[in-house]
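Take 1 as the starting number for the sequence shown in full-length UniProt numbering and just add one per residue.
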Amino acid sequence: MSLVPAGALVTQAAAAGRAVAAFNIITLEHAEAVIEGAERTGLPVILQLSQNAVKFRSGRLLPIARAASACAEAAGVPVGLHLDHVQSSELLRQAVDAGFGSVMYDAARLPYGENLEATRSAADWAHANGLWIEAELGEVGGKDGAAPPDPHAPGARTDPDEARRFVADSGVDALAVAIGSSHAMTSRTASLDHALLGRLAKAVEVPLVLHGSSGLPDSELAAAVAGGIRKVNIGTALNVAMTEAIRTHLTPADPRPYLTAARSAMAATAAAMIAALG
Ligand code: G3H
Ligand code: ZN
């Protein structure tokens, strides 16, 4: 089993009409918990590390990347490693040596032409270095504590014709689309624009990726996969589970009881959300 290229997991999921869950990890406990949750379901999973998580780790990618690789190698299910929401070219260029098979290059905050130019150059570099690359068009809001964008604002949702051109002109292997989800939601109350997803799935040949999936109830997650989403990114749901468990089990000195509870809570969340994808 163990460590496999994340892009291959997405390709296999797409061929089977399914989606692979990709969880954002911050600590070693996140990585252990996600793998435990995936093992319970018997399904492959992706561990992803965002540029923000690298910043939290004092800008050092290698220690947490190596820990995640070691967890993946010992796993009982296939596990991919993915570098997520990369804006820095310097971080992008560390991906291969740090053991990542894929990256998400995020220039979605830029106007269309600048996003395309930056993404094409990242894709050229990624492919020359054997990496699978995901990009974003239309901005999924809520990143870095920002308020979600007005869903009716131009560019807030992904336009299918623009998406087709963007993929063809940039050469990316997967596309993250803005269809109503938003990052960092702590309640599962969001709903997606399923008609738009249907149009995007018809227009775009590469796998579609859903970001901000913590805010979606199980029924919306299942409908997203049925509608053509092939990679489902989940972060906040793990952090909510971890934080609640630590608050309940906090001890004055020994971190092991509350980290054990946190890991179990995250594993249960991961297993339930993987199962919800169908
Ligand atoms: O790229 C990461 C995801 O989009 C996670 O979003 O924390 O809202 O689940 P989330
Ligand atoms: Zn995201």
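We put the beta carbon where it would ideally sit given N, CA and C, even for glycine.
Taking only heavy atoms of the ligand G3H into account, decide whether any of them is closer than 7 angstroms to the Cβ of T27. Not one heavy atom of the ligand G3H sits closer than 7 angstroms to the Cβ of T27.
With a Cβ-Cβ cutoff of 8 angstroms, do V77 and G42 count as a contact? yes
V140 and A176 look like a contact to me (Cβ under 8 angstroms); what is the Cβ gap, rounded to whole Å? 7 angstroms
Using the rule of at least 16 other Cβ atoms within 10 Å of the residue's Cβ for burial, across every protein chain shown, is A74 buried or exposed? For A74, the number of other beta carbons within 10 angstroms of its own is below 16, and it is reported as exposed.
By Cβ distance, which residues of its chain are closer than 7 angstroms to residue 282, with the 5 residues on each side in sequence left out? Residue 282 is absent from the model: the chain starts at 1 and stops at 278.
On the premise that L221 lies in contact with A276, defined as a C-beta separation below 8 angstroms, what is that separation, rounded to the nearest angstrom? 5 angstroms
Hey, how far is the Cα of D144 from the Cα of L47? Approximately 20 angstroms between the Cα atoms of the pair.
Within 7 angstroms: the Cβ of S213 and any heavy atom of the ligand G3H? yes
Near the ligand G3H: A270 beta-carbon under 7 angstroms from a heavy atom: no
Among A95, A203, D159, A68, which one has its Cα closest to the Cα of E29? A68
Taking the alpha-carbon positions, what's the residue 280 to Y105 distance? The question about residue 280 has no answer here: the residues shown for the chain are numbered 1 through 278.
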